[in-house]
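The opening residue of the sequence shown carries number 912 in my numbering; numbering runs sequentially from there. This report refers to the structure that appears directly beneath it.
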Amino acid sequence: MPKFDDLLTHLGTGRWNLLYAIAMAYWALQVPYHSMGAAFLTPHQDFTCVNADADIPQNRSQCTYNITTPEGLVKERICTKFAFDNSTYASTITSEFGLVCDYSFLRATFKSVYFLGALVGSVLNGWISDRYGRKTMHTAGVLIFIVLGNSLNWLPNISAILVARFLMGVGHPSSIETGYSLVMETCEPRLRSIIGIVVFLPWCFSLITLGGYAYLLRDWRWLMFTVSMPGVLYLPLLWLMDESPRWLIVRGRHADALRVIRRASRWNKVELPPEEQLRAIMKETQAEETDSQRPEADHGLKTTLKNVANVIAVLFRTRKIRAITLCLYANFFLVDSVYYGLSLGGDRFGVDPYSYMALGGVMETPANSITIPLVEKLGRRPSNIMCFVISGVSLLALGFTPSSISWLVTALIMIGKLAITAAYTMLYFHANELFPTEVRQRGMSTCTMVAKVGSVVVPFLVEILGSVGSWVPLVTFGGASLVAAGIMTRLPETRGVPMKDTIAELEDSGVHRPRGSVTFLAPSEEKKDGLLAVHRRSSQSSGHHL
């Protein structure tokens, strides 16, 4: 019996599929302006105390000052007014709200609270998206992002700004992760690796232009206004997109799925097989979802909590899915920490922040481009291991590189940034192929949730370690990259293997591997009746399981 992937192969690639890819590529251009823009909104800035009653010269500490009493005694007081060095930035949240001394932790908090929101959003996103639909959750995340992004520059105080940043973080996984899954579930199988990577290339261009915008618009409110407005243009694309037909099938909504498939055939100008064959494919796909993996109907708080627990427990229920989940969790945590640590820590690495951001975007362009031939020729796992090792070695080398050789320091950081970006892209694509359809969004969202724990912590880590030495956080990131390379050896290769629809299908797949490695058997494929018929090989295993 042909599978849904065979139907997507028959539909081919046309206007219907490209709509999702183009829309996601445009949205990927909008998000970095806010997720990465924090580097220009709350940077570390030099300052001096300017309290009117301070003695001259001032105390050596900029957070306190000395006064001489009428009795001739010298007393130390807390500084409350500051003059900031505006040679690099004209106006920032740091200078406008005085985020120094006792309030300096708010600089890292501003960066961290966005990812804390993303952590919360990941928890909600996976469950709601698998339950109510990819497009529904994607639309909700996009609307949150657009409304709050365009409101941020009008907010009058730091408390309101932090709340807005948190809520934008909540919308981040819904807009990015769910949108990506929507693209993958409507994409022709043979082009998934290419489309899955190309849709994120605008992210690189966004970083390059962010450095340029920040250089030209050195007032943080004007910067936020300028980069937020283009997001409104995404709304018409949302209206044109359909729900994922693969998700509709798994949820039993065959009539809706058939409507979407017929629209896809019209847009792509392809004739569909008979309706009986289409419905047979749908029933076959849905039948593989076992009753034990379907959440019960919601009746009261107790039942709802039980259902949520069951939904999460699915990712750990069997040996294969549990091993995949744990390995992916560890690597998402590590790669997210390294990536955002390098991206947001430019003010602590002794480099020009504008050129550092733009150059980082330049490095991410080949980092995303080279992943296309790498994952196709070498496979997902070997390519990822190689990139993790390159990143680790280049960053560890900074522990032995004199800071006076600035060009070499910058070059090593950029090599590390290039490699970790490539690793992140391939890890994301690899994980989408590893999780079965019925838990794919749930799995990807929990991976994002774990990753954002690293993003929440890393701004504080950079602040603390950066005060010791600019090389200390960089060497730490290098060690984390090498650990991720080791973990990657435990994940299965997915090149040439059809995406699984259910956990039961994953568990039934044959595995033949030597001790210490994991590899799924690749299926044989042949053309039949205009559809790709997939004949699975015997699922006899050697007794080793994930």
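Built from N, CA and C at the ideal position, the CB exists for glycine as well. As the structure is a prediction and not an experimental result, all values here were calculated from the model.
- A direct Cα-Cα distance of roughly 40 Å separates leucine 1144 from glutamate 1187.
- Checking the DSSP bridge columns, you'll see serine 1176 has no partner listed.
- Rounded to the nearest whole angstrom, the C-alpha separation of leucine 1189 and proline 1156 is 12 Å.
- Here the alpha carbon of cysteine 1098 sits roughly 24 Å from the alpha carbon of phenylalanine 1116.
- With fewer than 16 other Cβ atoms inside 10 Å of its own Cβ, tryptophan 1318 counts as exposed.
- Taking the Cβ atoms as the reference, cysteine 1238 lies roughly 16 Å from isoleucine 1414, outside the contact range of under 8 Å.
- Collapsing the DSSP output to three states places isoleucine 1331 in a helix.
- Pairing leucine 1149 with glutamate 1088, the inter-Cα distance amounts to about 15 Å.
- For lysine 1231, there is no enclosing beta strand (DSSP E); the residue is part of the alpha helix (DSSP H) that begins and ends at 1230-1255.
- CA-to-CA, the gap between lysine 1180 and serine 1092 works out to about 24 Å.
- Contact check for glycine 1142 against glutamine 941 passes: the beta carbons are separated by less than 8 Å.
- Using a Cβ-Cβ distance cut-off of 8 Å, the segment 1107-1126 and the segment 1076-1085 are not in contact, since fewer than three pairs of beta carbons, one from each stretch, lie closer than that value.
- Around the Cβ of isoleucine 1296, a 10 Å sphere holds 16 or more other Cβ atoms; the residue is buried.
- With a threshold of 16 other beta carbon atoms within 10 Å, glutamate 1416 meets it and is buried.
- Straight across, the Cα-Cα distance linking glutamate 1195 with alanine 1051 is about 31 Å.
- Of the candidates Val1094, Ala1001, Thr1387, the residue whose Cα lies closest to the Cα of leucine 930 is Val1094.
- A straight line joining the alpha-carbon of arginine 1162 with that of glutamine 1197 spans about 7 Å.
- Here isoleucine 1301 is buried: its Cβ has 16 or more other Cβ atoms, across all protein chains shown, within 10 Å.
- One Cα belongs to glycine 1060, the other to phenylalanine 1136, and the distance between them is close to 8 Å.
- For alanine 994, the uninterrupted beta strand (DSSP E) run begins and ends at 993-995, by DSSP.
- Rounded to the nearest angstrom, the Cβ distance from aspartate 1041 to arginine 1353 is 5 Å, consistent with a contact under 8 Å.
- Rounded to the nearest whole angstrom, the CA to CA distance from arginine 1177 to leucine 1183 is 9 Å.
- The distance from the Cβ of isoleucine 1004 to that of tryptophan 1131 is about 6 Å, consistent with a contact at the 8 Å cut-off.
- Note that the segment 1101-1112 touches the segment 918-938; at least 3 beta-carbon pairs, one per stretch, sit closer than 8 Å.
- In this structure, isoleucine 1324 lies near leucine 1385, with their beta-carbon atoms less than 8 Å apart.
- Under the three-state reduction of DSSP, asparagine 977 is assigned to strand.
- Around the Cβ of glutamate 1404, a 10 Å sphere holds 16 or more other Cβ atoms; the residue is buried.
- Per the DSSP secondary-structure output, valine 985 pairs in a beta bridge with Thr979.
- DSSP lists Ser1002 as the beta-bridge partner residues of aspartate 1130.
- DSSP places threonine 959 within a strand segment (E or B) once states are collapsed to three.
- Contact between the segment 1339-1347 and the segment 982-1002 is absent, with fewer than three C-beta pairs closer than 8 Å.
- Non-local C-beta neighbours of leucine 1376 in its own chain, meaning closer than 6 Å and more than five positions away in sequence, comprise Val1383, Pro1384, ordered along the chain.
- The Cβ-Cβ distance between leucine 1393 and phenylalanine 1243 does not fall below 8 Å.
- Per DSSP, reduced to three states, the secondary structure at aspartate 1041 is helical.
- From the listed residues Arg1164, Leu984, Ser1254, the smallest Cα separation to threonine 1332 is found for Ser1254.
- Taking the Cα of lysine 1328 as reference, the smallest distance to any Cα among Tyr976, Phe1340, Ile1057, Gly1256 is reached at Gly1256.
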